[in-house]
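>
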Amino acid sequence: MIKITTLLNETEYVGKQVAVKGWVRTFRANRFIALNDGSSLHNLQCVVDFENLEEKILKQITTGAALSLVGTLVKSQGKGQSVEVQVDQVVVLGTADPDKYPIQPKKHSFEFLREQAHLRIRTNTFSAVMRVRSALAFAVHQFFRNEGFSYVHTPIITGSDAEGAGEMFRVTTLDADNPPRTEEGAVDYKADFFAKETNLTVSGQLEAETYALGLGNVYTFGPTFRAENSNTTRHLAEFWMIEPEMAFYELEDNMDLAEAFIKSVLGYVLDHCQEDLNFLDQRLEQEEKTKPQAERSELGLIDRIRFIIDNEFKRIPYTDAIEILRNSKPNKKKKFKFPVDQWGVDLQSEHERYLVEKHFKCPVILFDYPATIKAFYMRLNEDQKTVRAMDILFPGIGEMVGGSQREERLDVLEARMDAQGIDPKELEWYLDLRRYGTVPHSGFGLGFERLVQFTTGMGNIRDVIPFPRTPQNASF
Ligand code: 4AD
Ligand code: MG
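When we follow numbering that gives the first Met the number 0, the leftmost residue of the sequence shown carries the number 0, and every step to the right adds one.
1) Is residue 390 near ligand 2 - that is, is its Cβ less than 7 Å away from at least one heavy atom of it?
2) Verify whether the separation of the beta carbon atoms of residue 218 and residue 242 is less than 8 Å.
3) What are the boundary residues of the beta strand (DSSP E) that includes residue 441?
4) Measure the C-alpha to C-alpha separation of residue 212 and residue 68 and round it to an integer number of angstroms.
5) Could you please give the first and the last residue of the uninterrupted alpha helix (DSSP H) stretch that includes residue 391?
6) Relative to the alpha-carbon of residue 64, which residue among 440, 101, 50, 161 has its alpha-carbon at the smallest distance?
7) In three-state DSSP terms, what is residue 399?
8) Going by the C-beta, is residue 238 closer than 7 Å to any heavy atom of ligand 1?
9) Out of curiosity, what's the CA-to-CA distance linking residue 373 and residue 103?
10) I'd like the list of long-range same chain contacts for residue 483, defined as Cβ closer than 7 Å, with 5 residues on each side in sequence excluded.
11) Just to confirm before moving on: does the CB-CB distance between residue 476 and residue 142 stay below 8 Å?
12) Between residue 464 and residue 232, how many whole angstroms is the CB-CB distance? I'm expecting something under 8 Å.
13) Quick one: does the C-beta of residue 482 sit closer than 7 Å to a heavy atom of ligand 2?
14) Quick check: residue 37 and residue 133, are their CB atoms within less than 8 Å of each other?
15) For residue 215, which residues in the same chain have their Cβ closer than 7 Å to its Cβ, ignoring the five residues on either side in sequence?
16) Between which two residues does the alpha helix (DSSP H) holding residue 317 run?
17) Any heavy atom of ligand 2 closer than 7 Å to the Cβ of residue 401?
18) Given a threshold of 16 other Cβ atoms within 10 Å of its Cβ, counted over all protein chains shown, does residue 386 qualify as buried or as exposed?
19) Please state if the CB of residue 454 and the CB of residue 135 are separated by a distance shorter than 8 Å.
20) In three-state terms, what does DSSP make of residue 416?
21) Please tell me whether residue 170 and residue 205 are closer than 8 Å, where the distance is taken between their beta carbons.
22) Tell me residue 239's beta-bridge partners as DSSP assigns them.
23) The alpha helix (DSSP H) spanning residue 58 covers which residue range?
24) In the structure shown, what three-state DSSP assignment does residue 35 receive?
25) Which two residues bound the contiguous beta strand (DSSP E) that contains residue 27?
26) Pick out whichever of 427, 255, 428 has its Cα sitting closest to the Cα of residue 441.
27) Measuring CB to CB, does residue 261 end up less than 8 Å from residue 307?
28) What is the DSSP secondary structure of residue 128, counted as helix, strand or coil?
29) On the DSSP letters alone, give me the boundaries of the beta strand (DSSP E) that residue 268 sits inside.
30) Flag this pair as touching only if the region 76-92 and the region 41-55 have three or more C-beta atom pairs under 8 Å; answer yes or no.
31) Measuring from the CB of residue 234, is there a heavy atom of ligand 1 at a distance below 7 Å?
32) For residue 70, report the span of its beta strand (DSSP E) as first-last.
33) For residue 197, I'd like the list of residues in its chain whose CB is within less than 8 Å of its CB, leaving aside the five on either flank, ordered along the chain.
34) Flag this pair as touching only if the region 407-423 and the region 347-366 have three or more C-beta atom pairs under 8 Å; answer yes or no.
35) Taking residue 61 as the reference, which of 97, 31, 42 has the closest Cα?
36) Does the beta-carbon distance from residue 1 to residue 17 come in below 8 Å?
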């Protein structure tokens with residue numbers, strides 16, 4: 000059996016007998032099967048001689064059916080393909096009742112396809128997106144391997160809340176209807192599986208820090224979970240995050256690495272996913288045409304990716320960003336839902352998008368945020384007001400990366416935890432890193448689905464992960 004992409008791209012098979020297997024995308028004129036096996040965006044045209052086919056088999060060649068075909072690969076007479084298979088033998092591996100099979104050869108809405116998430120991979124858009132996703136994941140590992148990083152697997156089940164945001168899913172084996180109780184009547188987690196309260200991790204960072212302070216440069220790339228009730232096009236309850244952590248890196252080194260990393264993985268897909276990106280580029284162009292002129296983006300998908308690779312990210316302190324936003328037209332005309340009136344406010348996605356899409360028109364790295372709006376582990380600046388945080392903001396996406404230099408001074412870290420009401424008992428091991436051989440170190444987290452969204456031009460994050468988990472939805 001040969002993959003369709005090989006037959007379409009390599010000339011040595013012309014004139015030879017080939018065996019292919021795949022799913023019928025369309026069957027026209029009782030003669031032309033468009034077969035797809037997922038190896039390529041393109042279908043292989045397979046021509047059957049219906050006069051020599053049993054009526055029963057002919058009827059079973061319908062959209063969605065799985066076939067095994069043997070025939071001769073020939074140069075195609077028709078337009079639209081360079082080669083085709085003159086079929087000698089057809090075996091129907093699996094039928095697909097045409098009255099019931101949901102994925103018909105017509106345009107389906109993404110909403111409809113989300114309900115068919117187990118079958119949507121058989122469409123051009125989803126197969127293209129998922130091939131790009133797979134290539135990006137490979138590029139991530141390749142980049143870090145080339146840079147000498149070790150890949151570490153941080154735990155999924157943890158007892159700590161890395162982000163201190165309290166948006167965690169509980170992990171328990173206790174009977175929800177009838178949990179054991181303490182004498183005071185509270186749920187007795189001592190009787191739980193781990194003899195303590197545990198949850199799904201929101202980030203592998205804290206554990207990655209321990210490894211950075213021994214292995215040097217490390218990264219994790221795994222699933223993370225957040226029970227935030229955000230029903231947006233950019234939030235998932237289960238998403239994949241890439242988190243490098245580097246000993247002896249200060250914030251500038253961290254920014255340099257993040258920028259080089261993003262450019263590298265985008266370069267990889269430009270080189271290796273041309274066909275899929277061209278298709279997604281055209282898809283986006285069609286979608287843009289349905290929008291009002293003012294909302295259309297100036298660049299096509301591939302040009303956007305090139306733009307990121309070719310241009311330096313703009314780096315500005317939070318304080319400067321606030322000044323820009325304060326004096327911006329939408330702020331003065333009260334167009335922002337959250338007006339920017341004073342230093343210290345958290346930035347909303349409308350502000351981030353204004354900075355990136357309207358003001359700078361390029362990715363922006365914002366740094367030195369107010370300590371009050373950032374996590375406890377970020378390094379306090381000398382001004383005692385700001386921390387060495389950095390967020391990378393992307394056009395169309397908003398926050399792509401969140402990172403920081405870490406607070407390596409024990410006393411300062413303890414004071415920050417205290418100020419944020421974090422119990423040091425659960426994090427003694429984390430404080431130990433500051434007790435024994437502490438060093439400046441830094442890291443960041445990049446939301447993998449947001450990267451896939453940017454790279455594929457998909458508007459909704461639910462369409463770049465196979466089985467999205469969002470509030471009210473964990474089907475499949
Ligand atoms: O900014 P966040 O919360 O940072 C951290 O978790 C740090 N511990 C990372 C680190 O320094 N090692 O999340 C990092 C990134 C965000 O910038 C965003 O791209 C993505 O993770 N992200 C989400 N992606 C999809 N759905 C969600 N609910 C997300 N929350 C964050
Ligand atoms: Mg963040």
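Backbone N, C-alpha and C define an ideal beta-carbon position, used for all residues, glycine too.
If we stick to the structure as given:
1) Result yes, Cβ under 7 Å from ligand 2.
2) Cβ atoms of residue 218 and residue 242: closer than 8 Å.
3) In the DSSP assignment, residue 441 falls within the unbroken beta strand (DSSP E) covering 440-446.
4) Here the alpha carbons of residue 68 and residue 212 stand approximately 56 Å from one another.
5) Not the alpha helix (DSSP H): residue 391 falls in the beta strand (DSSP E), residues 385-393.
6) For the options 440, 101, 50, 161, the alpha carbon positioned closest to that of residue 64 is the one of 101.
7) Note: residue 399 maps to strand in three-state DSSP.
8) Checking the 7 Å criterion, the Cβ of residue 238 is within range of a heavy atom belonging to ligand 1.
9) Each residue's alpha carbon lies about 48 Å from the other.
10) Summary: the structure shown does not reach residue 483, with the chain confined to residues 0 through 475, and so no result is reported for it.
11) With the chain covering 0 to 475 only, the question about residue 476 has no answer from this structure.
12) In fact, because the Cβ distance is near 13 Å, the residues do not count as touching under 8 Å.
13) Residue coverage of the chain in this structure runs from 0 to 475, which leaves residue 482 outside it and unanswerable.
14) Not in contact: residue 37 and residue 133 (Cβ atoms no closer than 8 Å).
15) Hits under 7 Å: 246.
16) Counting along the chain, the alpha helix (DSSP H) containing residue 317 begins and ends at 317-325.
17) Under cutoff, so the answer is yes.
18) Counting C-beta atoms within 10 angstroms of its own C-beta, residue 386 has 16 or more neighbours from the protein chains shown and is therefore classed as buried.
19) A contact, by the Cβ cut-off of 8 Å.
20) If DSSP states are grouped into helix, strand and coil, residue 416 belongs with the helices.
21) Here residue 170 is not near residue 205, since their CB atoms are 8 Å or more apart.
22) Answer by DSSP bridge pairing, in chain order: 222.
23) Where residue 58 is concerned, the enclosing alpha helix (DSSP H) stretches over 54-59.
24) In the displayed model, residue 35 falls within a strand according to three-state DSSP.
25) Residues 16-27.
26) Here the closest residue by C-alpha is 255.
27) Their beta carbons are under 8 Å apart, which means residue 261 touches residue 307 by this criterion.
28) In this structure, residue 128 counts as helix in the three-state DSSP scheme.
29) It is not in any beta strand (DSSP E) - residue 268 instead sits in the alpha helix (DSSP H) that spans 250-271.
30) Counting Cβ pairs under 8 Å, three or more are found: they touch.
31) Indeed, a heavy atom of ligand 1 lies less than 7 Å from the Cβ.
32) Counting along the chain, the beta strand (DSSP E) containing residue 70 begins and ends at 65-74.
33) The residues are 156, 157, 158, 169, 170, 171, 191.
34) With the cut-off at 8 Å, the region 407-423 and the region 347-366 do not touch.
35) Comparing Cα positions, the closest option is 97.
36) Closer than 8 Å, so yes.
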